[in-house]
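A.B. asks:
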Amino acid sequence: MTSNATLGIHRLEVRDFRNLEAQVVELGPRFNVLAGENGQGKTNLLEALYVATTTRSFRTSTLGDCVRHDAASAFARIRVLDDRQPGVARIQSVELDGQGAGRRKVQLDGKRPPTLAEYALATPIVLFEPASLALSQGGAADRRRLLDRVAIHLAARHGGGAELLVDLERYRRAHGHRKKALERAMDARVLDPYERLMAEHGVRIVRARREAAEALAGRVVAGFEAIATAPLRLEIAYAPKAPEDVDAFSALLAERRELDARRGSATRGPHLDDLAFLLGGRPARQVASQGQHRALVLALKGAELAAIAEAREVEPILLLDDVSSELDPRRNAALFAFLHAQVGQVVLTTTRPELIEIAGDRRDFDVVAGLVRPR
Amino acid sequence: MLPRHARIVARLLERLPGVGERTATRYVLHLLAEDPALSQALGDALRELHARVRGCARCGNLAEVVPGLEASPICEICADGRRDASVLCVVARVQDLAAIERSGAMRGRYFVLGRLVSPLEGVGPEDLPLERLRARIAEDGVKEVIIATPPSVDGEATSLFLARELAALGLSISRIASGVPHGSELEYADQVTLGRAIAGRKSLG
Ligand SMILES: [Zn+2]
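One line per chain: the protein sequences are A and B, in this order.
Heads up, the first sequence is in our numbering, so the first residue is 640 and it goes up one at a time.
Heads up, the second sequence is in our numbering, so the first residue is 13 and it goes up one at a time.
1) Check this for me: beta carbons of Leu935(A) and Ser775(A), under 8 Å apart or not?
2) Closer than 5 Å from C-beta to any heavy atom of ligand 1: which residues, in chain order?
3) In this structure, does DSSP put Thr170(B) in helix, strand or coil?
4) Does any residue of chain B bring its CB to less than 8 Å from the CB of Pro832(A)?
5) So Ser130(B) contacts chain A; which residues on that side make the cut at Cβ distance below 8 Å?
6) Could you please give me the residues that DSSP links to Ala876(A) through a beta bridge?
7) Work out the CA separation of Arg843(A) and Phe588(A) for me, nearest whole Å.
8) Determine the DSSP secondary structure at Leu676(A), reduced to helix, strand or coil.
9) Beta-carbon separation of Leu702(A) and Arg654(A) under 8 Å?
10) To the nearest angstrom, how far is the alpha carbon of Gly908(A) from that of Leu914(A)?
11) Assuming contact is defined by CB atoms lying nearer than 8 Å, are Glu960(A) and Thr990(A) in contact in what I supplied?
12) Check the Cβ-Cβ distances between Arg176(B) and every residue of chain A, and say whether any is below 8 Å.
13) For Val204(B), does the three-state DSSP call read helix, strand or coil?
14) Would Arg1008(A) and Gln662(A) qualify as a contact pair, given that the criterion is a beta-carbon distance under 8 Å?
15) Under 8 Å, with one C-beta from each stretch per pair, do the region 64–84 of chain B and the region 121–137 of chain B reach the 3-pair mark?
16) As a quick exercise: from Ala180(B), Met118(B), Glu60(B) and Ala49(B), pick the residue whose alpha carbon is nearest that of Ser98(B).
17) On the criterion of 16 or more Cβ atoms from any shown chain inside 10 Å, does Asn683(A) qualify as buried, or is it exposed?
18) Between the region 801–815 of chain A and the region 833–848 of chain A, do at least 3 Cβ pairs fall closer than 8 Å?
19) Out of Ser186(B), Phe173(B) and Ala179(B), which one is the CA nearest neighbour of Arg835(A)?
20) Less than 8 Å between CB atoms is the rule here; does Ala169(B) satisfy it with respect to chain A?
21) Taking just the CA atoms, how far does Ala927(A) sit from Arg872(A)?
22) Could you compute how far the alpha carbon of Gly136(B) sits from the alpha carbon of Val829(A)?
23) Can you give the beta carbon distance from Pro752(A) to Val745(A), rounded, assuming they're within the 8 Å contact cut?
24) Give the secondary structure of Asp1004(A) by DSSP, where H, G and I count as helix, E and B as strand, and everything else as coil.
25) How would you write the range of the alpha helix (DSSP H) that Ser889(A) sits in, first residue to last?
26) Along chain B, in chain order, which residues have C-beta atoms closer than 9 Å to that of Arg1014(A)?
27) If you check the beta carbons only, do Phe656(A) and Cys705(A) fall under 8 Å apart?
28) Out of Gly182(B), Gly32(B) and Leu43(B), state which residue places its alpha-carbon closest to the alpha-carbon of Ala18(B).
29) Assuming Ala160(B) contacts Cys101(B) (C-beta within less than 8 Å), just tell me the rounded distance between them.
30) Report yes or no: is there a C-beta of chain B within less than 8 Å of the C-beta of Val745(A)?
31) Under 7 Å, CB to CB, which of the residues in the region 796–824 of chain A have a partner in chain B?
32) Consider the C-beta atom of Leu747(A) and the heavy atoms of ligand 3; say whether any pair is separated by less than 7 Å.
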């Protein structure tokens, strides 16, 4: 195991967050099992934890959706114990406005943080939900987000997490401007500056993603080999879709204007990057069985946790939604082996708590009609 | 609930930045509690505002309109002979000009673009006052242009665009240093930061 510090959400206070009653939930430092029928609020509780740590939701981009329908705002506050700062609990809170676009008010230790990035990087957290299964079989966007999550924590090691978020946001905006400029047949005088900006931010994104892919690759392969029984070799390759040089990248964009105008979007650039998985030399998407896809996703999540743990010198909190859908006896073993390998705090939901084979430091909760009660 | 006319005044006040319903109501109640002369003076001053203050014909800064010269008002900075006419600082908005002035780091004069290039918002080069800028540079014998557009994507793109447009004039062109925090408006940058950003400007060739 590692000698990393541990991190844990010790207490959650929620109000008007979806169906959750106003309440305080005290979590244990290791395994927390939230049991309940569907629709009672288990995932809402995970979402509240996720919003309180990251200021974002994994279920909606419209944060106003998280506000109970008859309330003006939703609120979630966490008290975080972090070995890296012994003695003082960190207080993080997010208040979401129910009106309009759903504005958020965030506070870190009672003050407005200088940037949202600073807030979102304070308490590293990893989410594993049924939708994560798309990581191996679905579109490249999910894999780019995985790379970016890891890259941001790697950059945060040297205090650069916020800058990388700025690069991602600015690349997106410059790309949008260029797309519009091509659509409106604007000339090189306008296109040049945006292509330059795409290249400057894009090259930094590619560099950061390459580093993230390197941090993940070895761990994913080892994790996969430990789970999957097939003798096929797994290979992982980061496939950037842009040159890693500013001048070369902006020259390439300039060359492709006509083509990009016809396609309606830039045909080169990190917005098209992918992380490719090869199984026995062939694309996993084509040749992997369902069991192998599942093993790959478990290995990816394990690698994400380990890479972030190494970068931040703390074990991230793991949120695991709806593991009961995974409860197929033949596949359980891998999932529980994965869970047992976690040394940090874990919060998981299930409809069948009796099937969760975790002994030791475990706290059980029942979730009924928006209320979370220790069992 | 306010009476009808008080409500009308409150609604108008609410259209000002940073004024919500509660603040607007507080202002109206305050005005009603004060000497009626205050409301009178405020009304008179507001009525004259647009006629008495207009964009400077040379730089776009706000200028006091002098009777008889209504067509081309000149702002205090353009009229100040102690300013170095050879240095011109290009900004996006009057608010940015004010912020740089407060820093005290700018000894030259200004040019307010009024907007930034932004294809997403349908703003192209033809929407920028390029001809006026070139004329200004020629008339004043400007030798150095400092581009102080905000450090946003639109501000950076406009800066690159302007540097290219002005390249043929043989001037020294520079961009303020990125000491101004990313994504923040110049308006909110503190004076020390802005002063350093101007002192540490980088040449755009
Ligand atoms: Zn003027």
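A virtual CB, placed ideally from N, CA and C, is assigned to each residue, including glycine.
Note that the coordinates shown come from a computational prediction; the quantities given were computed from them, not determined experimentally.
C.D. replies: By the coordinates alone:
1) yes
2) Cys68(B), Arg70(B), Cys71(B), Asn73(B), Cys87(B) and Cys90(B)
3) helix
4) yes
5) His816
6) Ala915(A)
7) Outside the displayed range of chain A (640 to 1014) lies residue 588(A), so it cannot be described from this structure.
8) The amino acid at residue 676(A) is misidentified as Leu; the sequence shows Glu. DSSP places Glu676(A) in coil when its eight states are reduced to three.
9) no
10) 14 Å
11) Just to set this straight, residue 960(A) is Asp in the shown sequence, not Glu. Not closer than 8 Å, so no.
12) yes
13) helix
14) Reading off the sequence, residue 1008(A) comes out as Ala, not Arg. It is not a contact, given that the beta carbons lie outside the stated cut-off.
15) yes
16) Met118(B)
17) buried
18) yes
19) Phe173(B)
20) yes
21) 11 Å
22) 7 Å
23) 6 Å
24) Looking at the sequence itself, residue 1004(A) is Phe, so the reference to Asp does not match. Looking at Phe1004(A) - three-state DSSP - the assignment turns out to be strand.
25) Val885 to Glu894
26) Those do not exist, as Arg1014(A) stays about 46 Å from chain B at its closest Cβ, beyond 9 Å.
27) yes
28) Leu43(B)
29) 5 Å
30) no
31) Val805, Arg809, Arg812, Ala813, Gly815, His816, Lys819, Ala820 and Arg823
32) Absent from the structure shown: ligand 3. Ligands present: ligand 1.
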